[in-house]
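The structure appears below as structure tokens.
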Amino acid sequence: MKPLYWIPLLPLLGFVLNGAVALASSSRRARRGEGGERLPYGERLFHGIVGVGSVGAATVLAFGALVPWSEQAFAGRALPVVETAFTWMFAGDFSVAVAFRLDALSALMLSFVTFVGTLIHLYSVGYMQEEEGYGRYFAFLNLFMFAMLTLVLGANLPVLFIGWEGVGLCSYLLIGYYYDKDFAAAAGKKAFVVNRVGDVGFVLGIFGVLALFGTTDFSFLEAAKQQVLSGSAPLSVYAVCLLLFLGACGKSAQVPLYVWLPDAMAGPTPVSALIHAATMVTAGVYLVARTSALFVLAPDALTLVAWVGAGTAVFAASIGLAQNDIKKVLAYSTVSQLGYMFLACGVGAFAAGMFHVFTHSFFKACLFLGSGSVIHALHHEQDMRKMGGLAPRLPQTFRTMLIATLAIAGIVPFAGFFSKDQILGSVAAGGHPALYVVGVATAAMTAFYMFRLIRMTFAGEFRGTHEQEHHLHESPATMTVPLWILAAGSVLSGFIWVPMGVSNLLPRFLAPALAEMPEHHMSHGAELGLMALSLGAALAGIALAVRWYTGRPAPEHAAHRPAEEIVVSPAAAAFCGKTGLLGALVKNKWNVDEGIEAGVLGPFRGIGRVLWKGVDALVIDGIANASAFLVELAGDLLRFFTTGNVRNYALGFTLGALVLVAYVLFF
Amino acid sequence: MSPATFDLLAAIAKIAVVWAITLAALLPNLVWMERRGAGLIQDRPGPNRVGPLGLFQALADVLKMFMKEDVTPLYVDKLLHTVAPAILLVPALTTFAVIPFGSSIPVLGREVKLVIADVNIGVLYVFALTSVGVYGLVLAGWASNNKYSLLGGLRSSAQIISYELSMGVSAVAVLVSAGSLRPSDVVAWQAANVWNCVPQVVGCIVFIVAAFAETNRVPFDLPEAEAELVAGYHTEYSAFKFGMFFMSEYANMIAASAMIVTLYFGGWSLPFVTFTGVWGGLLSMVVFWAKTLFFICVFIWVRWTLPRFRYDQLMNLGWKVLLPLSVLNLLVVAWIVATKGGA
Amino acid sequence: MSPLPGIAPMSVPPAAFLAAGTILFVIGLIGALLKRNALSIFLSIELMMNAVNLLFLTWGRMRGDASSHVIVFFVIAIAAAEAAVGLAVFVALFRARQTIEVDRVNLLKW
Amino acid sequence: MTGDLLLFAFSAGLAIAFALAMVVQKTPVRSVLALVVTFFGMAVLAVMLAAPFIAAIIVIVYAGAILVLFLFVIMLLNLNEEAREKETRPVQRALGLVAALALGGLLLGVTLRAPAPPVGTPSAGPRIPLLDEIPVIGRLLFSDYLFAFEAVAVLLLAAAVGALILSKRRMD
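Chains as they are written, first to last, in my numbering: chain A, 1 to 667; chain B, 1001 to 1343; chain C, 2001 to 2110; chain D, 3001 to 3172.
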């Protein structure tokens, strides 16, 4: 078995190769004044092979490492494997090694990160082939895989943080992939800045862990399990947990730091699928699950996690109800599902949270890739009001997306049903009725907006232009094959944890890596009842969506009218009108961006203005100018010593030496 | 006899031997050799009137030099004009002080090493003298108050400084492999191991080429290029002073040959032969002077075979070919010595 | 023929060497202060440096310390660098002003 | 004993006399030559101070390279005589002479008063004794003084480049 560090190293190698070739190629094209068209076939082939190959090889390595390990784990004999590459830094008795750790949690993450990552790389080969920045895209995507794998495999918080910041950087780079478009550049910046807010918390949290346990290695979790704190730590566990959770909120787009994720859809769709749905955004959940031993020491912090999660879930779902951009719907759906995961963690069901991370990665990636396929077919049309009736034209896309939608809506026996049911079951069993109600309501909303998406996109008649209709085509195999694989995953991945003791693979596997929580057992009857309840909610949502969004007949002259004027569902519009202010707020995404602008950024601008005009211009510049003036004055007086005659200087030099020697000799 | 007196007497005797060989035997006959050699190469008789085969030609030339009127031009710097030839000649002759011209001879129960001063910085001493010799040329050129002479002086100073560098660097490689700056150690190392011209063939070639340049011999005789500079730095010299220039050229040639032999061709040693006893010592002297004579012949042969370099070619050869080659040679030698753990 | 130099006691009092070095230094200093030709000033400075070298060697000999030789080695190396740059400056100066009299080169003043 | 004293007197006297000649001499070429002789005298003094290697270096580098370079430049610029015009700064001249002599007196005081280690016991010093100079210097250069050695190497390279740039006729 190769050492673990080869797994992240391979994509890094891919990044270097792809980056070098892309750089050389783009500068050559810039010199020749070319640009705008697709790359020559040879270069595309190179980038495709290196990009997919490096990640694929990493996947093979990863499964080569984790399959034997998992076999051991199920046999109950596996201990976490920690491999130290080298010592990164040390000071006194503090030292940080670049070390990688394979345990149940990282094995689970590793499995779907590499698997989904490879599929999405493969998908990108087809999706991005018209792009001029093909090489740059694959370079960044490989770099992302490197960072994500470092994050997942890191054996201590600083190494995890490298990956954490690395994925943030790649996210920024890929959101701003269309950097010549203002909205994409702005979205990238927004993601970066909002993430920084969370990262401040994370960094302080790392320091807090260091202060509490004297180490940042994950061995501190063992200490935390035995509640061995290093005596008089100035920071409470609560504070540390809250700081870490702030970091998780930033990365995993929880209220109030979720605002960057919907905007992040400005990037290419496979990026949205990989980074902003399947892998990176789940890093926050991973962090909380990873440090679960710490969180259970601070129950109040956990409660906060639960409420933030539940609030995010319902809040984002409500926004998703009224979005018309296909990717935006999925984005809010992602935020909402991430809320579910935090909800699970918050009630102590870390395994359930990770289960949802796992299943979600499949169906959400499938959904995003499916939407990408639609967008690809429609030449970058993302507004669902201009779609419709695509089912017969894009049969593969339609079927796979339908499967994934059923999964996310929580219909038995698709994966989402099991994971969502685990979460809701844990919430109910843990005795949080309010949270449970929120969860079920969110499930109903999820089912509604997802089927709204399906109906608006695939049902009814086509509402786009005739030209678009003319060019409609199913996507190439490099795109549909990943879709089908992911759809299969959306069906199958739920069976690793089927309630009522049918299948217990996942919790048994994860148990050693997570904190132990007191288990609440429910009778099978209660469990079945709860299942029926959530299933019923989902079915109700689906039914409403199917009733409202028939899509037939298409509005008059839909092809020639701007999207804003197309009303796909008169019934929905009428309902929205009746709800009045609430409906308007939902439509405007609760005006959160505007609120932040007025409530946070405005005051900061004011403070900045005061600091600029008052402190900087007057005081600091004043000091600088005054000292400059003094120096100038002194120079004006002293410059007459500069006679311009070298011999004068030599004489002065000699006299000075004379004085010095005389001083040494006589005093 | 006290050791000090013995040492003194031995030193005087050695000086006498060396000067007898170089000044009395080699120097005058070299002129004859050169001119006869030129004749041979150019398919003409050469000097054949004075004595048998023209052997006394050198004597006649020397007499002529002494007898002619010593003309000192009007506007020269008299002091420097007079001193310059001496400055050139003295270093050429004193070089032999550190060159081992034989193994050793037992005298009165003691081994007398056949080298005048067996100092531990011998090689540096040679380089010091070579660098001082430049003054002779430069001053002769400057003191003559003649633009051709000045140009000759300028050229010689630039040329000698340039080539001394590659000469020094290739010699350093020899010193590194021998592990000493003492010429007798270098010879002893070669006698014990292998002549340096075999493993350090690059350095050897560089050194020989640079030695040609240092002695201002064709193809590096630009300082006195007759075609352009009349006669360069010695245009304004005549009679005895000119004779000194003449002598110093040949003395330099002998010294350079002796250095080449010492550093690269085993000095007085011969492969598979050990020199012991009085006769062995004398035989080693013969070997040394035979080798030296061979290189003198090479000097003469080259002079009458090759054309002169152009000035830019000269500089290019020195800085862009010889210097990098010698540095490369030094690096390789140093690397080998370092990996072998010291000589 | 003196034996290999090194451990033998000094037969000439070191003070004589020190005095000689200092006198040479002062002569160089006088030259540097009084000469007007930049080249001559430069020559005088070379003399001063070498006089200091002599002092170093004397003290090193008195202490039996080879570090002084290393320092002198460095001084000589630096003198070589200085000479190369200094002479290049003079050549450039001469090209610009047709003189290297330091009294005539005084543009750089208040 | 007396032989050494005589040798010292001769070479020191030679060095000082020609140093004076160097200062007094008006012709730059003769100044340079006088300095060459001075350096030879100093090289002999260095040999007497058990530094034959340094002596050889002084001759090779100072006399053989640096001063030849001086000569070269003098010839290149054709500097024959120092200008015979009157001293424009008599005060400066007088003051300089006085200051230099005063500094010389003081320095003599300093050097002669400096606490000297006992003469004749050179191995009493804390460092490596001067048994064989060249290996000792070599070892010191590549151990204790390695950084300085590398720095000097860089300095020489910089000087070479600088001289090249300075003496180019035009900057292009």
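Just so it is clear, CB atoms sit at the ideal spot from N, CA and C, and this is done for glycine as well.
Considering only residues of the same chain and omitting the five flanking positions on each side of residue i, which have a CB-CB separation below 6 Å?
i	result
valine 1202 of chain B	Leu1325 and Asn1329
valine 81 of chain A	Leu102
asparagine 195 of chain A	Gly168 and Gly250
Opposite residue i in the DSSP bridges: which residues?
i	result
alanine 99 of chain A	A:Thr84
arginine 1104 of chain B	One point to set straight first is that residue 1104 of chain B is serine, not arginine, in the sequence displayed. Answer is B:Lys1113, bridged to serine 1104 of chain B.
asparagine 2037 of chain C	C:Glu2101
valine 498 of chain A	A:Ser503
aspartate 217 of chain A	A:Asn156
phenylalanine 94 of chain A	A:Ala91
Return helix, strand or coil for residue i, following the three-state DSSP convention.
i	result
valine 1202 of chain B	helix
isoleucine 620 of chain A	helix
methionine 89 of chain A	strand
leucine 1270 of chain B	strand
phenylalanine 1288 of chain B	helix
glycine 154 of chain A	strand
phenylalanine 1220 of chain B	coil
aspartate 325 of chain A	strand
aspartate 383 of chain A	strand
threonine 1095 of chain B	helix
glycine 168 of chain A	helix
valine 1119 of chain B	coil
threonine 442 of chain A	helix
glutamine 468 of chain A	helix
If I measure Cβ to Cβ from residue i and keep anything under 8 Å in the same chain, skipping five residues before and after, which residues do I get?
i	result
glutamate 381 of chain A	Ile375, Met387, Gly464 and Gln468
leucine 1181 of chain B	Asn1120, Ile1121, Gly1122, Val1123, Leu1124 and Leu1175
Would you call the CB atoms of residue i and residue j closer than 8 Å?
i	j	result
alanine 351 of chain A	leucine 492 of chain A	no
phenylalanine 2094 of chain C	leucine 3077 of chain D	yes
leucine 655 of chain A	glycine 3109 of chain D	no
alanine 415 of chain A	glycine 494 of chain A	yes
glutamine 1057 of chain B	tryptophan 1032 of chain B	yes
proline 11 of chain A	asparagine 156 of chain A	no
tyrosine 137 of chain A	proline 8 of chain A	no
alanine 78 of chain A	tryptophan 69 of chain A	yes
leucine 174 of chain A	isoleucine 275 of chain A	yes
Rounding to the nearest angstrom, what Cα-Cα distance links residue i and residue j in this structure?
i	j	result
proline 3129 of chain D	alanine 2079 of chain C	Its pLDDT being 43, under 50, proline 3129 of chain D is placed unreliably by the model, and the measurement read from it follows with that caveat. The alpha-carbon atoms of proline 3129 of chain D and alanine 2079 of chain C are separated by roughly 27 Å.
valine 3068 of chain D	proline 1045 of chain B	42 Å
valine 3032 of chain D	glycine 2021 of chain C	19 Å
threonine 84 of chain A	leucine 1331 of chain B	39 Å
valine 1300 of chain B	tyrosine 1148 of chain B	Note on residue identity: the sequence assigns isoleucine, not valine, to residue 1300 of chain B. So the two alpha carbons sit approximately 26 Å from each other.
valine 16 of chain A	alanine 3160 of chain D	38 Å
arginine 393 of chain A	glycine 250 of chain A	39 Å
alanine 672 of chain A	asparagine 591 of chain A	Nothing about residue 672 of chain A can be read from this structure; chain A reaches only from 1 to 667.
arginine 2036 of chain C	valine 2105 of chain C	11 Å
alanine 301 of chain A	valine 288 of chain A	11 Å
arginine 29 of chain A	histidine 47 of chain A	17 Å
proline 270 of chain A	valine 619 of chain A	51 Å
arginine 44 of chain A	valine 113 of chain A	24 Å
alanine 459 of chain A	leucine 611 of chain A	57 Å
asparagine 645 of chain A	arginine 3089 of chain D	11 Å
Going along the chain, which residues of its own chain have a beta-carbon closer than 7 Å to the beta-carbon of residue i, five neighbours each way excluded?
i	result
valine 329 of chain A	Gly320, Gln323, Tyr449 and Leu453
serine 106 of chain A	Val152 and Leu153
valine 335 of chain A	Ala253, Tyr258, Leu261, Thr312 and Ala316
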